Amino acid sequence: MVETPRLWDRLGGCARRAVAAVLAAPGRAVPHHIGFVMDGNRRFAQAHCMRKIDGHAHGYRRLIDALEWCLELGVRYVSVYAFSIDNYRRSGEEVSMLMALAEDKLAHMLEELDVLVRHGVQVRVIGDLSLAPVAVQVAASRIMDATAHHSRAVLNLCFSYTASEELHRALDHLAAQPVSSSSDISSNDVSSSSSRSRGVSAAALDAHLYTAGCPPVDLLVRTSGETRLSDFLLWQCRHALLVFTSVLWPEFGFLDLVAAVLEFQRHAPHLQRLREAAELQASTVSCTVASGSVPGGAAELLLQLQAVKWAARRWQDSPCSVASPASASSRSDDAASEEEALDTTLRARLQHSEAAHVVLRQPELELELAQGCSLKQC
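Counting in the working numbering, the sequence shown tops out at residue 1530, every number present.
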């Protein structure tokens, strides 16, 4: 059965560009970075009596379409979940077919560089490529080398990827770095350099991720009706709007993207406030703990306090909740009560700990020490 193009997919580029011009008009927020979890290829194939591999081939063609639509909207960073490390658990036959398809489509992308050249798109194939066959690694290297000089936009193909593996890799690289003489902890913090421990800032972690140099994800779209992240760009999506659509990926159309961007624009002011609040908290609360100055238990409690506040606030203020207004109100009240109770408990434990000289000033949650600065801004 042949796929029938949807109405807006048959319209010319002029109509799409006209809609894109309206969405990107001055004063309207356009996401800098969109992520796609391209789900539903196999279900599409089953619904159309195709082989699974043919469903994935349709999904690749939709990826090229979606990339061009994003570029027309002014989106300069696009990340797609092409193949998860978890997918290696599928049957050997299916994995082999997917690897062959990946090699073929990467080569095809190299042969037809029109869209990439026209928009100056740099392609990055990111993930643990050592797990992929050598032929796929070679094809990935070729497309990355061919587009390395492009600088106007970036396409991240997350292949052989999970966010867990990415974070483990980044932290391993950070841990392997020697402590420089210009450590965030001053010489007054501790009596001996051997008792120092280096803090890890968000910027340092960002610099060691596969997506280094890309802004955080603003909008994450997952197709096929699944409402989970599946270990995709978890750190980069910490302030993203999540949009879940029941449309299967090969059927994802221009209007589906427009609807997601409109939803992002509706929530943009709220998302911006959350991001600014997080940046402010990072500048005033993000601390480097020098071992020996503050007991480990107290340091752990401080981090727990931060985590509780952050998690409760995210639950209460999440803009992507699908609950009814009454239910959302009840959840917000519950979140506030839970945050207050845990906040009080942790503070009480801190007051009776060996770090009783730690001062916590509400509501900013600024941290100070009465004697010596073993907690300081990163």
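The beta-carbon is built from N, C-alpha and C at its ideal position, and this holds for glycine as well. No experiment lies behind these values; they were computed from the predicted model shown.
* Separation of V1269 from R1169, as counted between CA atoms -> Taking the first residue of the sequence shown as 1, we reach residue 1169 at position 17. Taking the first residue of the sequence shown as 1, we reach residue 1269 at position 117. Near 19 Å, if we compare the C-alpha coordinates of V1269 and R1169.
* Asked: Quick one: is C1201 buried, meaning 16 or more other Cβ sit within 10 Å of its Cβ, or exposed?
  -> Within the sequence shown, numbered from 1, the residue matching residue 1201 stands at position 49. By the neighbour-count rule (16 or more Cβ atoms within 10 Å), C1201 is not buried but exposed.
* Asked: How close, in whole Å, do the beta carbons of A1392 and V1369 come, if the pair is a contact with beta carbons under 8 Å?
  -> Working through the sequence shown from its first residue, we reach residue 1392 at position 240. Working through the sequence shown from its first residue, we reach residue 1369 at position 217. Their Cβ separation, rounded to whole angstroms, is 4 Å, which keeps A1392 and V1369 in contact under 8 Å.
* **V1277, enclosing beta strand (DSSP E) - first and last residue** => Your numbering for residue 1277 matches position 125 in the sequence shown. V1273 to I1278 is the extent of the beta strand (DSSP E) around V1277.
* With a CB to CB cut of under 6 Å and the five nearest residues on each side skipped, what residues in its chain are close to I1295? -> Start at 1 with the first residue of the sequence shown, and residue 1295 comes out as number 143. Excluding residues within five positions, the ones whose Cβ falls inside 6 Å are L1258, M1261, L1262 and V1275.
* Three-state class that DSSP yields for C1222 in the structure shown -> Within the sequence shown, numbered from 1, the residue matching residue 1222 stands at position 70. The three-state reading of DSSP puts C1222 in helix, counting H, G and I together.
* **Rounded Cβ spacing between S1376 and R1195 (contact assumed at less than 8 Å)** => The residue labelled residue 1376 in the question sits at position 224 within the sequence shown. The residue labelled residue 1195 in the question sits at position 43 within the sequence shown. That belief holds up - the Cβ atoms of S1376 and R1195 are roughly 6 Å apart, short of 8 Å.
* Asked: From which residue to which residue does the alpha helix (DSSP H) around A1305 run?
  -> On the sequence shown, position 153 is the one that residue 1305 refers to. Note, A1305: premise wrong, no alpha helix (DSSP H); beta strand (DSSP E) at A1305 to Y1313.
* Whose C-alpha, out of V1395, D1280, R1425 and V1174, is nearest the C-alpha of I1186? -> Walking along the sequence shown from the start, residue 1186 turns up at place 34. It is V1395.
* **Spatially closest choice to C1310 from P1330, A1298 and D1383, by CA coordinates** => Your numbering for residue 1310 matches position 158 in the sequence shown. For the residues P1330, A1298 and D1383, the minimum Cα distance to C1310 belongs to D1383.
* To do: Would you mind giving the Cβ-Cβ distance between V1306 and C1366, rounded to the nearest angstrom? I have them listed as a contact below 8 Å.
  => Your numbering for residue 1306 matches position 154 in the sequence shown. Your numbering for residue 1366 matches position 214 in the sequence shown. 6 Å between Cβ atoms; contact.
* Asked: So L1219 and V1267 are in contact, right, with Cβ under 8 Å, and what is the actual spacing, rounded?
  -> Locating residue 1219 in the sequence shown gives position 67, counting from the first residue. Locating residue 1267 in the sequence shown gives position 115, counting from the first residue. Between V1267 and L1219 the Cβ distance is about 7 Å, and since that is below 8 Å, they are a contact.
* Asked: With distances taken from CA atoms, which of A1420, L1223 and A1322 is nearest R1180?
  -> Against the sequence shown, residue 1180 aligns to sequence position 28. When each option's Cα is compared against that of R1180, the closest is A1420.
* Please state if the CB of I1237 and the CB of S1303 are separated by a distance shorter than 9 Å. => By one-based count along the sequence shown, residue 1303 stands at place 151. By one-based count along the sequence shown, residue 1237 stands at place 85. Contact flag unset, no.
* Outcome for E1520 when other beta-carbon atoms lying within 10 angstroms are tallied against a minimum of 16 -> To locate residue 1520, count along the sequence shown from 1; it is residue 368. Its pLDDT being 35, under 50, E1520 is placed unreliably in this model, and the value from its coordinates should be taken loosely. By the neighbour-count rule (16 or more Cβ atoms within 10 Å), E1520 is not buried but exposed.
* Asked: Can you give the Cα-Cα distance for S1316 and L1253, rounded to whole angstroms?
  -> Numbered from 1 along the sequence shown, position 164 holds the residue referred to as residue 1316. Numbered from 1 along the sequence shown, position 101 holds the residue referred to as residue 1253. Their backbone Cα atoms lie some 25 Å apart in a straight line.
* To do: Please name the residue, chosen from S1248, A1328 and A1176, that lies closest to K1204 on a Cα-to-Cα basis.
  => Locating residue 1204 in the sequence shown gives position 52, counting from the first residue. Among S1248, A1328 and A1176, the Cα nearest to that of K1204 belongs to S1248.
* Looking only at DSSP bridge pairs, what is H1185 linked to? -> Residue numbering aside, residue 1185 sits at position 33 when the sequence shown is read from its first letter. The partner list for H1185 (beta bridge, DSSP) reads Y1229.
* To do: Note down the Cα distance separating D1206 from A1197, rounded to an integer number of angstroms.
  => Counting from one through the sequence shown, the residue named residue 1206 turns up at place 54. Counting from one through the sequence shown, the residue named residue 1197 turns up at place 45. Each residue's Cα considered, the two are about 7 Å apart.
* To do: Starting from the C-beta of F1188, find all residues in its chain whose C-beta is less than 6 Å away, skip the five residues before and the five after it, and write them out in chain order.
  => As a position in the sequence shown, residue 1188 is number 36, starting the count at 1. If we look at F1188 and ignore the five residues flanking it on each side, its Cβ neighbours are V1232 and V1373.
* **Continuous beta strand (DSSP E) stretch holding R1374: start and end** => Taking the first residue of the sequence shown as 1, we reach residue 1374 at position 222. Its beta strand (DSSP E) spans residues L1371 to R1374.
* Beta-carbon proximity of L1281 to A1292, cut-off 9 Å -> Counted from its first residue, the sequence shown places residue 1281 at position 129. Counted from its first residue, the sequence shown places residue 1292 at position 140. Against a cut-off of 9 Å, the Cβ pair of A1292 and L1281 comes out as a contact.
* **Minimum C-alpha distance to V1174 - residue among Q1424, V1413 and E1428** => One-based indexing of the sequence shown puts residue 1174 at position 22. Closest by alpha carbon: V1413.
* For D1217, the nearest candidate out of E1431, A1430, R1380 and W1401 (CA to CA) -> In the sequence shown, the residue the question calls residue 1217 occupies position 65. Nearest in C-alpha terms to D1217, of all of E1431, A1430, R1380 and W1401, is W1401.
* **Residue closest to A1327, alpha-carbon to alpha-carbon, out of A1176, S1398, H1360 and D1256** => As a position in the sequence shown, residue 1327 is number 175, starting the count at 1. Out of A1176, S1398, H1360 and D1256, the CA that lies nearest to the CA of A1327 is found in H1360.
* Asked: Opposite S1236 in the DSSP bridges: which residues?
  -> For this step, residue 1236 is matched to residue 84 along the sequence shown. In the DSSP output, where bridge partners are listed per residue, S1236 has Y1313.
* Asked: Quick one: what's L1385 bridged to in DSSP?
  -> Along the sequence shown, read from residue 1 onward, the residue named residue 1385 stands at position 233. Looking at the DSSP assignment, L1385 forms no beta bridge with any residue, so it has no partner.
* To do: Have a look at L1453 and R1418 and give me their C-alpha separation to the nearest angstrom.
  => Here residue 1453 corresponds to residue number 301 of the sequence shown, with the count starting at 1. Here residue 1418 corresponds to residue number 266 of the sequence shown, with the count starting at 1. Residue placement at L1453 cannot be trusted, given a pLDDT of 49 that sits under 50; the coordinates are not used to answer.
* Relative to the alpha-carbon of L1540, which residue among T1363, Q1433, V1410 and Q1388 has its alpha-carbon at the smallest distance? -> The chain is shown from 1153 up to 1530; residue 1540 falls before or after that span and cannot be answered.
* State the start and end residues of the unbroken alpha helix (DSSP H) segment that holds L1399. => Sequence index remark: in the sequence shown, residue 1399 carries index 247 (1-based). Here residue 1399 is Val; the residue named in the question, Leu, does not match the sequence. Unbroken run through V1399: none, as it is neither H nor E.
* To do: Pull up the distance between the alpha-carbon of P1183 and that of V1227, whole angstroms please.
  => Translated into positions along the sequence shown, residue 1183 becomes position 31. Translated into positions along the sequence shown, residue 1227 becomes position 75. Straight-line Cα distance between these residues: approximately 6 Å.
* **First and last residue of the uninterrupted alpha helix (DSSP H) at Q1198** => By 1-based counting over the sequence shown, the position of residue 1198 is 46. Run containing Q1198: N1193 to A1199, per the alpha helix (DSSP H) assignment.
* **Three-state secondary structure assigned by DSSP to Q1329** => Here residue 1329 refers to the residue found at position 177 of the sequence shown. Q1329 falls in the coil class under three-state DSSP.
* **Residue of L1407, R1321 and L1432 minimising C-alpha distance to A1172** => Along the sequence shown, one-based indexing puts residue 1172 at 20. Considering only alpha carbons, the answer is L1407.
* Asked: So Y1212 and G1279 are in contact, right, with Cβ under 8 Å, and what is the actual spacing, rounded?
  -> For the purposes of this step, residue 1212 is identified with residue 60 of the sequence shown, where counting begins at 1. For the purposes of this step, residue 1279 is identified with residue 127 of the sequence shown, where counting begins at 1. About 17 Å; that fails the 8 Å criterion.
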